[in-house]
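Residue numbers (my numbering), protein chains in the order written: chain V, 1 to 586; chain U, 1 to 335. Yeah, the Cβ is synthetic: ideal placement off N, Cα and C, and Gly gets one too. Predicted, not measured: the structure shown is a model, and the values here were computed from it.
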Amino acid sequence: MARTGPKNSALRVLVWLGVILAVLTAVLAGGTMAGQASWAPKLALDLEGGTQMILAPRVEGGSDINEEQLNQAVAIIRQRVDGSGVAEAEISTQSGRNVVVSLPGTPSKETRALIQASADMNFRPVIQAGAGAAVPVASRTPADKLPKPTAAPKNSSDENWVTADVYKKFEALDCDNPSQDKQERSDPAKPLVTCEPASDGRPAIKYILGPVEVKGSDITTSSFQLQRGAQGAVTNQWAVDIQFNDEGTAKFKTVTERLNKFYVAAGGETGSDPKSQFAIVLDDQVISAPRSQAVITDGRPQITGGFTEQSAKALSDQLRFGALPISFEIQSDQQISATLGGEQLRMGMLAGLIGLLLVVVYSLFQYRALGFVTVASLVVAGALTYLAIAILGWTENYRLSLAGVAGIIVAIGQTADSFIVYFERIRDELREGRGLVSAVENGWKRAKRTVLASKAVNLLAALVLYFVAVGNVRGFAFTLGLTAIADLIVVFMFTHPTLQVLARTKFFGEGHKFSGLDPKRLGAVPLYRGAGRIRTPEDRPVAAPRAKNTGAAAEAERRMTIAERRLAEKQEQLAGSSKSASKEGK
Amino acid sequence: MASFATFGNELYTGKRSYDFVGSKKIWFLIAAAAVALSILLPIAKGGFNLGIEFRGGSEFTVSNVKDRDAALGEKAVQEVVSGSLPRVANVAGNTMRIQTDKLSDDEVIKVKEGLTKAYGVTDNEVTSTFVGPTWGADVTKQALLGLAIFVGLAAVLMALYFRTWKMSLSALAGMAVTMFVTAGVYSLSDFEVTPSAVIGFLTVLSYSLYDTVVVFDKIRENTADLQASTRRTFAEEVNLAVNQTLVRSINTMMVAILPVGAILFIGAGLLGAGTLRDLSLALFVGILIGTAATIFVAAPLYAWLRQGEPDLIKQAKRVQQRRAEHAAKAAPATA
Numbered sequence: 001m002a003r004t005g006p007k008n009s010a011l012r013v014l015v016w017l018g019v020i021l022a023v024l025t026a027v028l029a030g031g032t033m034a035g036q037a038s039w040a041p042k043l044a045l046d047l048e049g050g051t052q053m054i055l056a057p058r059v060e061g062g063s064d065i066n067e068e069q070l071n072q073a074v075a076i077i078r079q080r081v082d083g084s085g086v087a088e089a090e091i092s093t094q095s096g097r098n099v100v101v102s103l104p105g106t107p108s109k110e111t112r113a114l115i116q117a118s119a120d121m122n123f124r125p126v127i128q129a130g131a132g133a134a135v136p137v138a139s140r141t142p143a144d145k146l147p148k149p150t151a152a153p154k155n156s157s158d159e160n161w162v163t164a165d166v167y168k169k170f171e172a173l174d175c176d177n178p179s180q181d182k183q184e185r186s187d188p189a190k191p192l193v194t195c196e197p198a199s200d201g202r203p204a205i206k207y208i209l210g211p212v213e214v215k216g217s218d219i220t221t222s223s224f225q226l227q228r229g230a231q232g233a234v235t236n237q238w239a240v241d242i243q244f245n246d247e248g249t250a251k252f253k254t255v256t257e258r259l260n261k262f263y264v265a266a267g268g269e270t271g272s273d274p275k276s277q278f279a280i281v282l283d284d285q286v287i288s289a290p291r292s293q294a295v296i297t298d299g300r301p302q303i304t305g306g307f308t309e310q311s312a313k314a315l316s317d318q319l320r321f322g323a324l325p326i327s328f329e330i331q332s333d334q335q336i337s338a339t340l341g342g343e344q345l346r347m348g349m350l351a352g353l354i355g356l357l358l359v360v361v362y363s364l365f366q367y368r369a370l371g372f373v374t375v376a377s378l379v380v381a382g383a384l385t386y387l388a389i390a391i392l393g394w395t396e397n398y399r400l401s402l403a404g405v406a407g408i409i410v411a412i413g414q415t416a417d418s419f420i421v422y423f424e425r426i427r428d429e430l431r432e433g434r435g436l437v438s439a440v441e442n443g444w445k446r447a448k449r450t451v452l453a454s455k456a457v458n459l460l461a462a463l464v465l466y467f468v469a470v471g472n473v474r475g476f477a478f479t480l481g482l483t484a485i486a487d488l489i490v491v492f493m494f495t496h497p498t499l500q501v502l503a504r505t506k507f508f509g510e511g512h513k514f515s516g517l518d519p520k521r522l523g524a525v526p527l528y529r530g531a532g533r534i535r536t537p538e539d540r541p542v543a544a545p546r547a548k549n550t551g552a553a554a555e556a557e558r559r560m561t562i563a564e565r566r567l568a569e570k571q572e573q574l575a576g577s578s579k580s581a582s583k584e585g586k
Numbered sequence: 001m002a003s004f005a006t007f008g009n010e011l012y013t014g015k016r017s018y019d020f021v022g023s024k025k026i027w028f029l030i031a032a033a034a035v036a037l038s039i040l041l042p043i044a045k046g047g048f049n050l051g052i053e054f055r056g057g058s059e060f061t062v063s064n065v066k067d068r069d070a071a072l073g074e075k076a077v078q079e080v081v082s083g084s085l086p087r088v089a090n091v092a093g094n095t096m097r098i099q100t101d102k103l104s105d106d107e108v109i110k111v112k113e114g115l116t117k118a119y120g121v122t123d124n125e126v127t128s129t130f131v132g133p134t135w136g137a138d139v140t141k142q143a144l145l146g147l148a149i150f151v152g153l154a155a156v157l158m159a160l161y162f163r164t165w166k167m168s169l170s171a172l173a174g175m176a177v178t179m180f181v182t183a184g185v186y187s188l189s190d191f192e193v194t195p196s197a198v199i200g201f202l203t204v205l206s207y208s209l210y211d212t213v214v215v216f217d218k219i220r221e222n223t224a225d226l227q228a229s230t231r232r233t234f235a236e237e238v239n240l241a242v243n244q245t246l247v248r249s250i251n252t253m254m255v256a257i258l259p260v261g262a263i264l265f266i267g268a269g270l271l272g273a274g275t276l277r278d279l280s281l282a283l284f285v286g287i288l289i290g291t292a293a294t295i296f297v298a299a300p301l302y303a304w305l306r307q308g309e310p311d312l313i314k315q316a317k318r319v320q321q322r323r324a325e326h327a328a329k330a331a332p333a334t335a
C-alpha cells in the first residue's frame with residue numbers, strides 16, 4: 001500500500017466523524033419519526049411565542065401576600081422551571097400581586113403541575129433508612145417475611161407504621177435514579193417512603209418516615225451562621241438555625257424528647273439509630289435528616305454537621321421558602337404570540353448570511369484554497385451544532401432565542417479562530433523551511449495546545465454559568481458550551497485530518513500559488529534544495545535584490561541580532577537597492 | 001495583493017515590528033483614560049438606560065381588536081414616548097398585550113387613548129396595570145455570582161497552564177478594560193439595556209479572555225527557552241510574539257466581526273431598534289476592544305510585571321553585552 005501511516009489514520013478519523021454525524025442524524029430522525037422531535041430547532045419565547053400563565057398566590061389564612069413573599073415566590077418558580085430544562089422562561093410579577101409565567105411552546109401537564117405546586121414543607125420522624133439503590137428483585141424480602149404491624153402505632157416513630165406494602169415500596173424505591181414522574185402529594189397522616197437525593201458527593205439515602213409531626217408553617221424564620229463552641233468562640237462549622245412559633249415549639253419539644261431517647265440509647269455521638277433522626281421534607285423529598293442530639297425546649301433548633309457556607313444557606317433558604325405556605329392558583333392560561341416579529345428573525349438570518357458570505361470571501365482572500373478548508377470546517381461545525389440543537393430541543397427542551405442565534409453567529413468567529421491559529425502555525429513552520437507534510441504535523445502539535453487552552457476558558461465559562469446562573473444567562477451558557485464542543489470536534493476530527501490528507505496532494509504539497517501554503521509567498525527557504533545543495537552561509541544575502549530571494553533575506557534576517565540587521569539595512573541602502581521594489585516584483 | 005502575506009512574513013521574522021511592549025506607557029495611558037471616561041461619562045449622563053426587563057414597567061391590554069398587527073401598538077406608544085421600545089404581543093385570539101417602560105400617569109392616559117384609536121376599540125377595552133421585571137434581582141445576583149466564580153476559576157486555570165500568576169493577572173486586566181469600555185460605549189449609545197445586551201456582554205468577556213489566551217500561548221512558547229538565549233530580551237520576545245500573532249489577531253477579529261457587523265449595520269439599519277441592534281452593538285464594540293486590549297494592555301502589562309525579576313534582568317544584561325560586542329565589531333565597517 002502506498003498509503004502512509006498518518007494519512008491512513010487521518011482518513012480513519014474522518015470516517016469516525018462521518019459516523020458521529022450519521023448517528024446524530026439517525027437519532028434525530030428516529031425522534032422525529034416517533035413524533036417527539038422535529039427537524040427544525042425549537043424556538044424560544046421571543047421568536048415563537050408560547051403560553052402565558054397568570055398565577056395568583058394564595059397565602060394560607062387568606063392574608064395578603066407581601067412584596068418579599070412575592071419575590072420569593074418568583075424565585076421558587078424560577079428554580080422549578082429551570083430545573084426542567086433550558087427553555088428560558090420569563091417570570092415576572094404583575095400589579096404587585098400576581099406572578100406571570102411565560103413559557104415557550106405549550107408546556108406539558110407535568111410542567112404546569114410543577115409550577116403550581118406549593119412549597120410544602122414539614123417535619124417527619126425517620127423510622128427506617130437505607131442506601132439509595134433499589135434492592136435487587138432477587139434479594140427482596142419474600143412475602144411471608146414482610147413486616148406485619150402487631151398493634152396500632154403509638155407515636156410517629158413507631159415501627160408498627162411499617163406495613164408490608166410500605167416495606168415493599170421501600171425496597172423497590174431507587175433513589176440513585178429517581179423517576180421524574182410527578183407523584184401525588186402525600187397524606188400527612190400516613191407514613192411516607194421517599195429519598196434524600198445525592199448532593200455534595202454524599203450518596204442518596206432512602207427513608208421510611210412517620211406521619212407529619214411539625215408543619216413547615218410553624219417555622220417563623222431560619223438563618224445560617226458559623227457555629228459557636230462551648231465558650232462562645234466562633235468555630236469554622238456552618239450551622240442552620242430554625243425558629244418555631246409557639247405551636248411548633250411545643251410540638252418540636254415532644255418530638256425531640258422522644259427522638260433524643262433513641263439517640264442516647266444508641267450511644268450518642270457514635271451511635272447511629274435512624275430513629276433518632278427527624279427528616280425535613282420539602283415537596284415530599286427529604287432535604288436533610290439531622291439526628292436529635294438534644295431535647296429542644298425553646299423552639300430554636302440548630303442543625304449542624306458537614307455544611308459548607310453554600311449548603312447551609314441553601315437549606316436555610318429552603319426552610320424559609322418552605323415556611324411560606326403559598327400555593328398558586330392559575331388565573332388565566334393563554335396563548336401568547338412572539339414578542340419579536342418573524343421579520344426580526346428573517347432580517348437577523350439574512351444579515352447573518354451576508355456576514356457569513358463576507359467571512360467566506362475573506363477566508364478565500366486570506367488563505368486561498370486553504371480558505372475552502374475553513375469554509376468546509378465551518379459547514380461541518382454548523383451541521384454538528386444544528387443537529388445538537390435539534391436533539392437537545394427534544395431531550396432538554398433547549399430553545400433558540402434571538403440572542404442565542406446571534407450567539408451562534410459569533411461562535412463562527414471563535415470556531416474559525418481555531419483554524420486561523422492552526423493555519424498560521426503551519427505557515428510559521430513553512431517559513432522555518434519545513435516541507436508541508438512535516439509543517440502540518442509540527443504546526444498541529446503547537447496549535448493543539450493553544451486551541452485546547454483557549455477552548456478550556458470558554459468551556460469553563462459555559463459550565464460555571466450553566467450551573468450557577470438562572471434564566472437567560474443559563475441559556476447563553478448552554479449555547480456557548482455547545483459551540484465550543486462542536487468547535488473542538490471539528491478542528492480535531494475534520495480540519496486537521498483534512499489537512500493531513502491535503503498536504504500529500506500535489507496542489508498543496510508543492511505549494512501551488514493559490515494553495516495559500518506557497519512557501520515562496522511565505523518567504524521560506526527550504527533547508528534542502530535538491531541537487532545536493534543545502535542552505536549555505538552565502539544564502540544570507542544581505543543585499544540580494546533578486547525577487548526570489550527576498551524571503552531568504554527575511555529568513556536570514558530573523559537569525560540576526562538587531563544590531564546586525566541595522567547594519568545590513570545600512571549596507572543595503574548603500575547598495576542602492578530598495579526592498580519594497582523587490583517585493584512588488586513578486 | 002501579496003502584501004498581506006508579506007506583511008505576515010515580515011512580522012514573523014521581526015523585519016517589520018510594531019513596538020507594543022516598548023510604548024506601553026502610551027497604551028496604558030490611553031487605556032486608563034478610556035476606562036475613566038467609560039465610568040465617568042455614563043455617570044454624568046445618569047447611568048444606564050435599563051429596559052423593562054430590569055425595571056418593570058406598564059402593561060396595557062387591548063381586548064377585542066380587529067387588526068392584530070403589532071406595529072399599530074408600537075406606533076401608538078412611540079407617538080407618546082418617542083424612542084421607547086414597547087414589547088407588543090398577541091394574546092389568545094383578539095387581545096393585544098403591550099408592555100412599555102414605566103410611564104407617568106399622564107403618559108399612561110395618552111398611551112391608552114392612542115391604543116384605543118389605533119386598534120379601533122372602546123375605552124373600556126383598554127386596561128393598564130404595571131408589571132415587575134422578568135430579569136429580577138435574583139437573576140442578576142446569580143449571573144454576577146456565576147461571573148465571579150468563572151473569573152476566579154479562569155485565573156487559576158490560566159495560572160496553572162502558563163505556570164505564572166502574572167499572566168492571569170494581565171489577562172484579567174485586559175478583560176477588565178474590555179468590560180469597562182464596552183459598557184461605557186454601550187451606555188453612550190443610549191440604547192436601552194436589554195437582557196440580549198447583557199448576554200452580548202457576557203459573550204464579549206469570554207471572547208476577550210479567549211483571545212488573550214491564544215496570544216499568551218505564543219508568548220509562553222517564545223519565552224520558554226529565554227534563559228539559554230542572548231538573542232532578545234524578555235520584553236523583546238513578548239513583543240515579537242505579539243507581532244507574530246498579529247496576523248492571526250487581525251484575521252480572527254475580522255472573521256468574528258464580519259457577521260456581527262452585518263447584523264449591526266444591515267439588520268439593525270433595516271429594522272431599527274430591537275434585540276439584534278442591542279446585541280450586535282455590544283458584540284461589535286466588545287470584539288474590537290477585546291482584540292485591542294490583548295495587544296495593547298494584556299501583553300505589555302505582562303512584560304512590565306515580569307521585567308523586575310532578577311533572572312530576567314540578568315538575561316537582559318547578557319543580551320546588552322553581546323550586542324555591544326557586535327556593535328563594536330561592526331563599527332569600523334559602517335564608518
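Check                                                                                                                                                              : Outcome
On the CB-based measure, 16 or more other CB atoms within 10 Å of its CB, does Val181/U come out buried or exposed?                                                : buried
What residue range is occupied by the uninterrupted beta strand (DSSP E) comprising Trp238/V?                                                                      : Val234 to Phe244
Could you work out which residues of chain U lie near Ile91/V, taking near to mean beta carbons separated by less than 7 Å?                                        : Thr134
Against chain V, does Asp19/U count as a neighbour if the rule is that its beta carbon must be under 8 Å from one of theirs?                                       : no
With respect to the alpha helix (DSSP H) encompassing Arg97/U, which residues constitute its N-terminal and C-terminal limits?                                     : Note, Arg97/U: premise wrong, no alpha helix (DSSP H); beta strand (DSSP E) at Thr95 to Asp101.
With DSSP as the reference, label Ala279/V as helix, strand or coil.                                                                                               : strand
Within 10 angstroms of the Cβ of Gly551/V, are there 16 or more other Cβ atoms? Answer buried if so, exposed if not.                                               : Summary for Gly551/V: the model assigns pLDDT 44, below 50, so the residue's position carries little reliability; its value from the coordinates is reported in the next sentence. It counts as buried.
Exposed or buried, what is Phe508/V when buried is set at 16 or more other beta-carbons lying within 10 Å of its beta-carbon?                                      : buried
Hey, out of Leu55/V, Ser9/V, Glu90/V and Gln79/V, whose CA is closest to Gly49/V's CA?                                                                             : Glu90/V
Indicate whether at least one CB of chain V lies closer than 8 Å to the CB of Ile219/U.                                                                            : no
Among the candidates Asn98/V, Thr495/V, Asp283/V and Ser9/V, whose CA atom is the shortest distance from the CA of Asp187/V?                                       : Asp283/V
Could you spell out where the alpha helix (DSSP H) holding Val185/U opens and where it closes?                                                                     : Trp165 to Ser189
Output the boundary residues of the beta strand (DSSP E) element that contains Gln227/U.                                                                           : Element bounds for Gln227/U: n/a, residue is neither H nor E.
Taking the continuous beta strand (DSSP E) assigned at Asn472/V, which residues delimit it?                                                                        : No beta strand (DSSP E) contains Asn472/V, which is instead part of the alpha helix (DSSP H) from Asn472 to Val490.
Report the rounded CA-to-CA distance for Ile205/V versus Phe307/V, giving the unit in angstroms.                                                                   : 17 Å
Following the continuous beta strand (DSSP E) through Phe60/U, name the residue where it begins and the one where it ends.                                         : Gly57 to Val62
Here's a check: name, in chain order, each residue in its chain whose Cβ is nearer than 7 Å to the Cβ of Val108/U, leaving out the five neighbours to either side. : Ser58 and Ser128
Is Pro191/V helix, strand or coil by DSSP?                                                                                                                         : coil
Express the C-alpha separation of Thr51/V and Ser92/V in angstroms, rounding to a whole number.                                                                    : 14 Å
Check whether the Cβ of Pro545/V lies closer than 8 Å to any Cβ atom in chain U.                                                                                   : The predicted position of Pro545/V is uncertain, since its pLDDT is 40 and thus under 50; a value taken from the coordinates is nonetheless stated next. No - not a single Cβ of chain U is within 8 Å of the one on Pro545/V.
Got a sec, what are the start and stop residues for the beta strand (DSSP E) Ala198/V sits in?                                                                     : Counting along the chain, Ala198/V falls outside any beta strand (DSSP E), and DSSP gives it neither H nor E.
CB Ala298/U to CB Gly184/U, shorter than 8 Å?                                                                                                                      : no
Have a look at Leu173/V, Ala152/V, Ser316/V and Gln293/V and flag the residue whose alpha-carbon is nearest the alpha-carbon of Thr220/V.                          : Ser316/V
Give me the Cα-Cα distance between Asp588/V and Val193/V, rounded to the nearest whole angstrom.                                                                   : Because chain V in this structure spans residues 1 to 586, residue 588/V falls outside the shown range and cannot be described.
Exposed or buried, what is Lys112/U when buried is set at 16 or more other beta-carbons lying within 10 Å of its beta-carbon?                                      : buried
Taking CB distances under 8 Å as the criterion, tell me whether Asp138/U reaches chain V.                                                                          : yes
Could you check whether Ala76/U and Ala118/U sit closer than 8 Å to each other, using their CB atoms as the reference points?                                      : yes
Quick check on this structure: which residue in Thr479/V, Lys190/V and Asn260/V has the alpha carbon closest to the alpha carbon of Pro153/V?                      : Lys190/V
Flag Glu424/V as yes if its beta-carbon sits less than 8 Å from any beta-carbon of chain U, otherwise no.                                                          : yes
Within 10 angstroms of its Cβ, does Asn177/V collect 16 or more other Cβ (buried), or is it exposed?                                                               : exposed
At a CB-CB cut-off below 8 Å, which residues of chain U make contact with Val473/V?                                                                                : Val139, Gln142, Ala143, Gly146, Val198, Ile199 and Leu202
Kindly indicate if chain U contains any beta-carbon less than 8 Å away from that of Tyr386/V.                                                                      : no
How is the alpha helix (DSSP H) around Val468/V delimited, first residue to last?                                                                                  : Leu436 to Val468
From the beta carbon of Met254/U, is the nearest beta carbon of chain V less than 8 Å away?                                                                        : yes
Considering only residues of the same chain and omitting the five flanking positions on each side of Gly229/V, which have a CB-CB separation below 7 Å?            : Thr235
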